[in-house]
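Chains as they are written, first to last, in the working numbering: chain B, 1 to 784; chain D, 1 to 216.
Read the structure below first, then the notes.
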Amino acid sequence: MTGRSWLTLLIWCMVMGLGAWFTAAHTHVESELSRLLPEGATPTERLLVTELRTGATARLILLALEGEDADRLAEASKRLAAWMGESGAFHYVGNGEQAWTQEERERLFQYRYVLSPHVQESMFGRDQLRHSLEQRMSDLTSPLSPMVKALIPADPTGEFMKILQGWMTWTAPRRHQGVWFSSDLRRALLVAETKATGFDMESQEQLQGQIRETFRRVAGVSVGTAPAQLVMTGPGVIAVEMRQTIQDDVWRLSVYATLLVTTLLFVSYGSVSILALSLLPLASAVVAGIAAVDLAFGFIHGITLAFGITLLGVVDDYPIHLFSHLTRESRAPAVMKEIWPTMRLGVVATALGFSALLLSGFPGLSQLGLFAMVGLFTAACVTRWVLPHIVPMGFHARREGLQVARWVDALTRARLVVPLMVVLALGAFMWSDAPLWEEDIANLSPISTEQQARDLALRNELGGPEVQDLVVVEGSSEEEALQRSEMLALALDPLVGKGELAGYDLAARYLPSRRTQQTRQASLPDRETLERNLTSAIKGLPFKPGLFQPFLDAIEKAKTQEPIKIQTFSGTALELKLNSLLFMREGRWVAIVPLRGVTDRKTIRAHLAPWHEQDVTYLDLKEESNRMVGTYRNEALRLLGWGVLSIGLVLLVGLRDPITVLRVMLPIGSALVVMAALLHALGEQFSLFHLASFLLVIGLGLDYALFFNRRHGTPTERGRTVFGLVVCSTTTISVFGVLALSQIPVLRAIGLTTALGSLACLAFAALLAESPQKAHLLAATSPE
Amino acid sequence: MTFGKSSGSWSLRLPAAFLTWLFLSGSAPISVAQTAPQSAREGGSPGWTVEQLLESLAKNRPAEVRFEETAYSDLLTQPLKTQGILRFTPPAGLEKHITTPHDERYLVEGDTLLFENKTKGTNRTLSLHDYPALRGFMEAFRSTLANDVITLRRWYSMTLQGEPQRWVLVLHPLDNEVRALVESIRFSGERERVSRIEIRAPDGDRSVMVIATGAP
């Protein structure tokens, strides 16, 4: 090695050391999935993303304690709920035990006349009062009398009970020993809302671990009976399990892939040091990629890292090209200089392809794009300026290269296969009526059908606290949002009556707008009128004289009472509920109205369409998320087009010959078409992840096509090129082929697409490579 | 406005008291089928025990009986009267159906309680086990059916007075939450028939249910 090469090596070591130190010390690896989601372009999308990210729906954990002994399960449910309540990690824990605390009931009772929707002037007239009083008499004869008795003097019209009944909007599961159970009494049911968001994986994982541990403790006392089991579901639980599955799968598959590649490289080059050296560019690329993403975004997502390293698999080709071209006589730096123009063109063009990812509006994909581009350039630089100086002197590839090259070149005779296959592929597309694009976001998620079934079963048993349909009511002030949602409620009630809607929740139910509160207050009679009406109404009924003094006092007080505010409920479960139903976003007040049991979404949509002018929007969350993913897919598709176009331009500049550009692009284009048709025939529906893989395939294909179309000095050199290409593609195909075995749809999509694409690119590049005469020449000069 | 002493007990009172009423009246013939050893006996024939009483009541229990009930409340200047039918369906189904002056039904089946008032248009279902105070009554009722003396003894102290021809059985709840709602329940009867059930509340309110002879 020369002094200069030592210097290069030293600089590289320092840069890498710094980079490694930086990434180790600074990089924040994020695991919250929602960080990868876009902010959203429209207010609706932003709201949707916020709901997904922080909404109550995303924070729900549904639990079932399964076992044979219902009494024991009930006991375990109570103890588990008590622990959860004390842990402070939950906004809400429900297992069917008492809904309202003493304090909450007292506060509600105090404000009964502004809270009750039944309060209107006529209610305090003589006839209505008489009717109420008669009902109270029947209450006193009922077995329920000891309870209602205490309320009668201050609340003869029964407002308090009406409020509580009106708020019981949802049919609770059956109960046993005071806690919720499935109908067969084999599962005690609980619902909890975590304070941590559903996608905050670290907190969720920790919390779920604690729940499991506590469950073991509270259920572990049983001796002699079959042990009880804990089943959990909900977005947070699924996300954690999903991550575990991905990690397990990725780990297992990377072990296979690494073993395969190592074996392949060792068989190809028969040198351990070469094996180690081939990892240098990749390692440098990963370090540089992490540092760049961290500098640009402030964090790197775990998923970016995993997929990014996959995408960077293409850089493993660079050292392979170098090693394949080494001979006994040649010096590595010289060889490198010789193949550099081809490699450089490949690098620039591939980087352009990846830049499409960078420009997509999806933070996840942008990170991936930046990571891949920086990694690509780093790997190229390391291969160009560092690697040649540390390759062992005198290393050369085996002669089998020539043999391989002869086989590959023989393929050029069958070049007509390519157009034939493209025509077949296009035909297959045209004749197929299977949907081309994946429209349902749920199918992209790695949730297993077993997980889905479990989730659905628990939701059904708990009375379906699932939020898919929302009405979003906006206003410039809290009051305006509340008033609008009150008007909306008037429009929703007929739908509930017709059974098109099972029910809805509404912030204004717990916190009426000031206007409504004032209207209710105004409809309360003054003391004299009320007293007169009451005296008249009570005639002939056996109530004790002066019994209703507290009622007269309460009405008088309620008339001038301060209106209720959110603060009125501070520290109660009601406050938490209100905070999730009514909040400020971007300077606007938003009231969320979750709908339950929507039978026909079209009817609801049509019914609510005229409300749109008043900032009332109906959202089908599932449809919205699908649409949003569709939008990003279309954007990715558009960017993919631009990427391909710019690759063509770069090639034109680099190769200066439109024919050669066509020769390079044609196999890639054909490969993409054939691969897409093949995937389609296999039943794959294309998603964003397939599109990202297409980019990788284009990058790989470019590399193959460029090297196939290199102007070769000698047949032996061509042999080396071809051998290098075969090694490259074999490693790629095996790595992604292993990935295609994954259970996770996203990984499978990437693996399958890339493996097939890489194979097609190599085959087509070989088939469409330059003149067959050279193949003859090669055959003639072969050593055998 | 008075709320209960402890959190939750206020709304417990209603069903708890109701169940006291319902169960003890409806199931009177069998629900006291065990003698707690500590129960005192005053007068009466030697050897006449709660077990014997209960056994004879169970043997001769009719499927349904008519009743007339009078409720005395300190809110009222005169008592209120109702009439209706009590039905018993083994093993744990009970119904108190008020027919006059209004139509109201309380039905307990296993773990659930149905409350229906056609005049008010109310139809609601509750769980008996929602409320700890109820537990005592439920356990008493169920353990009686299952001949579970130990459980019964945990919830009640019992006093049997009189003779087989004319007897009075008084139940005093042992549990504090139950005591907050009910002071005592007195069953009176002749031989194998319950004729009267009186429930006293701690605040002095009481109700007297008179059960008609023969089937309705």
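For glycine and all other residues, C-beta sits at the position ideal for the given N, C-alpha and C.
Measure from the alpha carbon of proline 227 of chain B to the alpha carbon of each residue in B:Asp127, B:Asn95, B:Leu359, B:Gly67, then state which is nearest. The count along the first sequence starts at 1 and reaches residue 227 of chain B at position 227. Distance check between proline 227 of chain B and each of B:Asp127, B:Asn95, B:Leu359, B:Gly67 places B:Gly67 closest, using alpha-carbon atoms only.
Chain D beta carbons: is any one of them nearer than 8 Å to that of serine 116 of chain B? The residue labelled residue 116 of chain B in the question sits at position 116 within the first sequence. Not one chain D Cβ lies under 8 Å of serine 116 of chain B.
Could you pull out every unbroken alpha helix (DSSP H) segment of at least 4 residues lying fully inside the stretch 181-220 of chain B, listed in chain order? 201-219
Going by alpha carbons, who is nearest to tyrosine 156 of chain D out of D:Ala71, D:Ile185, D:Leu107, D:Arg66? Counting from one through the second sequence, the residue named residue 156 of chain D turns up at place 156. Nearest of D:Ala71, D:Ile185, D:Leu107, D:Arg66 to tyrosine 156 of chain D, Cα basis: D:Ile185.
Within 8 Å (strictly less), CB to CB, does alanine 212 of chain D reach chain E? In the structure shown, chain E does not exist; the protein chains are B and D.
My output table needs one value for serine 366 of chain B: the three-state DSSP class, helix, strand or coil. Translated into positions along the first sequence, residue 366 of chain B becomes position 366. Correct three-state label for serine 366 of chain B: helix.
How many angstroms separate the CA atom of glutamine 165 of chain B from the CA atom of leucine 640 of chain B? By 1-based counting over the first sequence, the position of residue 165 of chain B is 165. By 1-based counting over the first sequence, the position of residue 640 of chain B is 640. Going by the C-alpha atoms only, they are around 57 Å apart.
8 Å Cβ shell around methionine 430 of chain B - same chain, five flanking residues per side excluded: Working through the first sequence from its first residue, we reach residue 430 of chain B at position 430. Answer for methionine 430 of chain B: no residue qualifies.
Give a yes or no on whether the minimum CB-CB distance between leucine 511 of chain B and chain D is below 8 Å. By one-based count along the first sequence, residue 511 of chain B stands at place 511. Leucine 511 of chain B does not count as touching chain D.
Report buried or exposed for isoleucine 668 of chain B, applying the criterion of at least 16 other Cβ atoms within 10 angstroms of its Cβ. Along the first sequence, read from residue 1 onward, the residue named residue 668 of chain B stands at position 668. By the 10 Å Cβ count, isoleucine 668 of chain B comes out buried.
Methionine 393 of chain B, DSSP secondary structure in three states: For the purposes of this step, residue 393 of chain B is taken as the residue at position 393 of the first sequence. The answer is coil: DSSP assigns methionine 393 of chain B none of H, G, I, E or B.
Rounded to a whole number of angstroms, what is the C-alpha to C-alpha distance between aspartate 103 of chain D and isoleucine 538 of chain B? As a working mapping, residue 103 of chain D is identified with position 103 in the second sequence. As a working mapping, residue 538 of chain B is identified with position 538 in the first sequence. Using only the alpha carbons, I get a separation of about 23 Å.
Which of helix, strand or coil DSSP assigns to histidine 301 of chain B: To locate residue 301 of chain B, count along the first sequence from 1; it is residue 301. It is a strand residue.
Would you mind listing the alpha helix (DSSP H) stretches within the stretch 65-114 of chain B that are 4+ residues and don't spill past its ends, in chain order? Complete alpha helix (DSSP H) runs here, min 4: 70-87, 102-110.
Between the stretch 529-542 of chain B and chain D, which residues of the former have CB atoms less than 7 Å from a CB of the latter, in chain order? Pro542
Take the Cβ of lysine 81 of chain D as the centre, count every other Cβ of all protein chains shown within 10 Å, and call the residue buried at 16 or more, exposed below. Taking the second sequence and counting its residues from 1, one reaches residue 81 of chain D at position 81. That one is exposed.
Alpha-carbon to alpha-carbon, tyrosine 72 of chain D and proline 101 of chain D: Here residue 101 of chain D is taken as the residue at index 101 of the second sequence, counted from 1. Here residue 72 of chain D is taken as the residue at index 72 of the second sequence, counted from 1. Computed Cα separation, rounded: 16 Å.
Cα separation between leucine 358 of chain B and leucine 370 of chain B? Walking along the first sequence from the start, residue 358 of chain B turns up at place 358. Walking along the first sequence from the start, residue 370 of chain B turns up at place 370. Taking the straight line joining both Cα atoms gives about 6 Å.
Could you name the residues of chain D that leucine 574 of chain B contacts, counting a contact when the two beta carbons are closer than 7 Å? Here residue 574 of chain B refers to the residue found at position 574 of the first sequence. Those within 7 Å of leucine 574 of chain B in chain D number zero; the least Cβ separation is about 15 Å.
Grab me the residues of glycine 699 of chain B's own chain with a C-beta within less than 6 Å of its C-beta, minus the 5 sequence neighbours each way, in chain order. Here residue 699 of chain B refers to the residue found at position 699 of the first sequence. If we look at glycine 699 of chain B and ignore the five residues flanking it on each side, its Cβ neighbours are Val314, Thr350, Gly353.
Residue-chain proximity (alanine 146 of chain D, chain B), Cβ-Cβ < 8 Å: Mapped onto the second sequence, residue 146 of chain D falls at position 146. Residue placement at alanine 146 of chain D cannot be trusted, given a pLDDT of 48 that sits under 50; the coordinates are not used to answer.
Keeping to the same chain, check which residues put their C-beta closer than 6 Å to that of arginine 87 of chain D; ignore five residues upstream and five downstream. Locating residue 87 of chain D in the second sequence gives position 87, where the first residue counts as 1. Once the five neighbours on either side are set aside, the close Cβ partners of arginine 87 of chain D are Glu64, Glu95.
Around the C-beta of threonine 599 of chain B, are 16 or more other C-beta atoms found within 10 angstroms, so that it is buried, or is it exposed? One-based indexing of the first sequence puts residue 599 of chain B at position 599. Exposed, since its Cβ has fewer than 16 Cβ neighbours within 10 Å.
Return the residue from the list B:Ala291, B:Glu121, B:Gln561 that minimises the CA-CA distance to valine 15 of chain B. Locating residue 15 of chain B in the first sequence gives position 15, where the first residue counts as 1. Of the listed residues, the one whose Cα sits closest to valine 15 of chain B is B:Ala291.
Residues near glutamate 478 of chain B in its chain [Cβ-Cβ closer than 6 Å; skip 5 each side]: The residue you call residue 478 of chain B lines up with position 478 of the first sequence. Answer for glutamate 478 of chain B: Trp589, listed in chain order.
What is the C-beta distance between tryptophan 167 of chain D and leucine 76 of chain D, in whole angstroms, given that I count them as a contact (C-beta under 8 Å)? In the second sequence, residue 167 of chain D corresponds to position 167, counting from 1. In the second sequence, residue 76 of chain D corresponds to position 76, counting from 1. About 31 Å separates the Cβ atoms of tryptophan 167 of chain D and leucine 76 of chain D, ruling out a contact at the 8 Å cut-off.
For phenylalanine 694 of chain B, does the three-state DSSP call read helix, strand or coil? Indexing the first sequence from 1 puts residue 694 of chain B at position 694. Helix at phenylalanine 694 of chain B.
Given that isoleucine 163 of chain B touches chain D, what residues does it touch there, using C-beta distances under 7 Å? By one-based count along the first sequence, residue 163 of chain B stands at place 163. Here the premise fails: no neighbours, minimum Cβ distance about 13 Å.
Name, going along the chain, the residues of the stretch 558-569 of chain B whose beta-carbon falls closer than 8 Å to a beta-carbon of chain D. none
Beta-carbon gap between alanine 372 of chain B and leucine 312 of chain B smaller than 8 Å: Within the first sequence, numbered from 1, the residue matching residue 372 of chain B stands at position 372. Within the first sequence, numbered from 1, the residue matching residue 312 of chain B stands at position 312. Closer than 8 Å, so yes.
If we ignore side chains and look at the alpha-carbon of each, how far apart do phenylalanine 215 of chain B and glutamate 575 of chain B end up? Locating residue 215 of chain B in the first sequence gives position 215, where the first residue counts as 1. Locating residue 575 of chain B in the first sequence gives position 575, where the first residue counts as 1. When only Cα atoms are considered, phenylalanine 215 of chain B and glutamate 575 of chain B end up about 29 Å apart.
Mapping DSSP to helix, strand and coil, what is histidine 321 of chain B? Numbered from its first residue, the first sequence carries residue 321 of chain B at position 321. In the structure shown, histidine 321 of chain B sits in a helix (DSSP, three-state: H, G or I).
Might you give, ordered along the chain, the residues of its own chain that have their beta carbon closer than 7 Å to the beta carbon of valine 335 of chain B, omitting 5 neighbours on each side? Translated into positions along the first sequence, residue 335 of chain B becomes position 335. For valine 335 of chain B, where only same-chain residues beyond five positions count, the Cβ hits under 7 Å are Leu322, His325, Leu326.
Against chain B, with Cβ distances strictly below 8 Å, would leucine 14 of chain D count as a contact? The residue given as residue 14 of chain D occupies position 14 in the second sequence. Because the pLDDT at leucine 14 of chain D is just 36, under 50, the model does not fix this residue reliably, and the value given afterwards should be weighed accordingly. Output row for leucine 14 of chain D: interface = yes.
Under 8 Å, Cβ to Cβ, is there at least one residue of chain D near isoleucine 152 of chain B? Here residue 152 of chain B refers to the residue found at position 152 of the first sequence. Taking Cβ atoms only, chain D reaches closer than 8 Å to isoleucine 152 of chain B, which makes this a yes.
Check whether the stretch 551-563 of chain B touches the stretch 7-25 of chain B, taking contact to mean three or more Cβ pairs, one atom from each stretch, closer than 8 Å. no
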